[in-house]
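A.B. asks: Could you have a look at this structure, given as structure tokens, before my questions?
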Amino acid sequence: MAEYVQPRGTGIEGRIVIKDDWLGYSLELFTYPEHYHEDIESVYIPHGVIMDRTERLARHIMDDIGDHDMVVLCVLKGGYKFCSDLVEFIKVQCRNSNKHLETRVEFIRLKSYLNDQSTEDLHIIGSQDLSVLRGKNVLIVEAIVDTGKTMKALLKHVGSFEPKMIKVAGLLVKRVSNVVGSLPDYVGFEIPNRFVVGYALDYNEYFRDLNHICVISEIGKVKYKI
Ligand code: HPA
Ligand code: MG
1 MAEYVQPRGT
11 GIEGRIVIKD
21 DWLGYSLELF
31 TYPEHYHEDI
41 ESVYIPHGVI
51 MDRTERLARH
61 IMDDIGDHDM
71 VVLCVLKGGY
81 KFCSDLVEFI
91 KVQCRNSNKH
101 LETRVEFIRL
111 KSYLNDQSTE
121 DLHIIGSQDL
131 SVLRGKNVLI
141 VEAIVDTGKT
151 MKALLKHVGS
161 FEPKMIKVAG
171 LLVKRVSNVV
181 GSLPDYVGFE
191 IPNRFVVGYA
201 LDYNEYFRDL
211 NHICVISEIG
221 KVKYKI
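Under UniProt numbering, the first residue of the sequence shown is numbered 1, with each subsequent residue one higher.
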């Protein structure tokens, strides 16, 4: 399924790299909501693997910034599950190491995809006042990063509130040729450039209620197209 890749330099942690020829596990090997049985092709990353990897990322984050209070900025909607699981693991690790850190969570909502295509423009929807970030250590938590264009725009936006430090955790990074922006400091998995759903990642708002990260089928693409 995957291999481990060494960190490329200081400050960049390793990641799990899923190769181009990985098609995912057969659906028969897992459980998933019955209403999606025609709409997904395979289980690409099982929920348990996501959780185990997230626990490890929480450790990296604690090692780096665990001595300071943190504001976690969850990028909605796709980031809500990763963010909530990551924050839970950070809290458990705090308790186990007897640290008393305040972890505050703020939210920002972005939209840039229609069907399985990126639209040119980034929409910050319902953007609230993020002045609470001023002077704080901010951890941006995003489910998926491809060209990094969205992340670049978001970093600029967040930077305008003058936080002390900004780090980014991305569960998935897509292997694309046209990287134009910033990549996360903490990466769960590097995946081929294909459209995946589940674990809060959607296709036109469908599939967020799927625990595993899956590959959508052609039937699914047509059924939920707008
Ligand atoms: N799936 C869901 N949402 C996304 C993806 C994806 O592969 N890439 C960017 N937004
Ligand atoms: Mg989406």
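Built from N, CA and C at the ideal position, the CB exists for glycine as well.
Can you give, in chain order, each stretch of the beta strand (DSSP E) that sits fully within the region 38-121 and has at least 3 residues?
C.D. replies: Complete beta strand (DSSP E) runs here, min 3: 40-45, 70-76, 103-114.
A.B. asks: Tell me which residue opens and which closes the beta strand (DSSP E) that Glu218 is part of.
C.D. replies: Taking the sequence shown and counting its residues from 1, the one referred to as residue 218 is at position 218. Premise fails: Glu218 lies in the alpha helix (DSSP H), 218-223, not in any beta strand (DSSP E).
A.B. asks: So Gly159 is in the alpha helix (DSSP H); what residue range does that whole segment cover?
C.D. replies: Taking the sequence shown and counting its residues from 1, the one referred to as residue 159 is at position 159. Element bounds for Gly159: 149-159.
A.B. asks: Which of the three DSSP states, helix, strand or coil, is assigned to Glu142?
C.D. replies: In the sequence shown, the residue the question calls residue 142 occupies position 142. DSSP places Glu142 in strand when its eight states are reduced to three.
A.B. asks: What span of residues does the beta strand (DSSP E) with Tyr186 cover, start to end?
C.D. replies: Stepping through the sequence shown from its first residue, residue 186 is reached at position 186. Residues 186-191.
A.B. asks: Which of helix, strand or coil does DSSP assign to Val176?
C.D. replies: The residue you call residue 176 lines up with position 176 of the sequence shown. It is coil, neither helix nor strand.
A.B. asks: Among residues of its own chain, excluding the 5 on either side of Glu205, which ones have a beta-carbon nearer than 7 angstroms to its beta-carbon?
C.D. replies: Taking the first residue of the sequence shown as 1, we reach residue 205 at position 205. Within the same chain, Glu205 has no close Cβ partners at all.
A.B. asks: Name the DSSP beta bridge partners of Val197, please?
C.D. replies: Translated into the one-based positions of the sequence shown, residue 197 becomes position 197. Answer is Cys214, bridged to Val197.
A.B. asks: Quick one: is the Cβ of Gly48 within less than 7 angstroms of any heavy atom of the ligand ATP?
C.D. replies: No copy of the ligand ATP occurs in the structure displayed; its ligands are the ligand HPA and the ligand MG alone.
A.B. asks: Counting Cβ pairs, one atom from each stretch, are 3 or more of them under 8 angstroms apart for the region 133-148 and the region 179-188?
C.D. replies: As far as the Cβ criterion goes, the region 133-148 touches the region 179-188, which means the pair count is three or higher.
A.B. asks: Is there contact here, the region 30-39 with the region 207-220, by at least three beta-carbon pairs under 8 angstroms?
C.D. replies: Yes: at least three Cβ pairs fall under 8 angstroms.
A.B. asks: Opposite Asn137 in the DSSP bridges: which residues?
C.D. replies: Locating residue 137 in the sequence shown gives position 137, where the first residue counts as 1. Answer by DSSP bridge pairing, in chain order: Met70, Met165.
A.B. asks: Would you identify the three-state DSSP class for Tyr32, choosing helix, strand or coil?
C.D. replies: Locating residue 32 in the sequence shown gives position 32, where the first residue counts as 1. Three-state result, Tyr32: coil.
A.B. asks: What does a CB cutoff of less than 6 angstroms around Leu130 pick up in its chain, not counting 5 residues either side in sequence?
C.D. replies: Locating residue 130 in the sequence shown gives position 130, counting from the first residue. Counting only Cβ-Cβ distances below 6 angstroms, and skipping sequence neighbours, we find Phe161.
A.B. asks: Taking 5 angstroms as the limit, tell me which residues put their C-beta closer than that to any heavy atom of the ligand HPA, in chain order.
C.D. replies: Those residues are Tyr113, Ile144, Phe195, Val196, Leu201, given in chain order.
A.B. asks: Going by C-alpha to C-alpha distance, which of His68, Gly220, Arg134 sits closest to Val196?
C.D. replies: As a position in the sequence shown, residue 196 is number 196, starting the count at 1. With distances taken between Cα atoms, Val196 lies closest to Gly220.
A.B. asks: Suppose you measure from the CA of Phe89 to the CA of Leu114; what does that come to, to the nearest Å?
C.D. replies: Taking the first residue of the sequence shown as 1, we reach residue 89 at position 89. Taking the first residue of the sequence shown as 1, we reach residue 114 at position 114. Cα to Cα, the separation comes out at about 32 angstroms.
A.B. asks: Would you list the residues sitting across from Ile124 in a DSSP beta bridge?
C.D. replies: Position 124 of the sequence shown, counted from the first residue, corresponds to residue 124. Looking at the DSSP assignment, Ile124 forms a beta bridge with Leu110.
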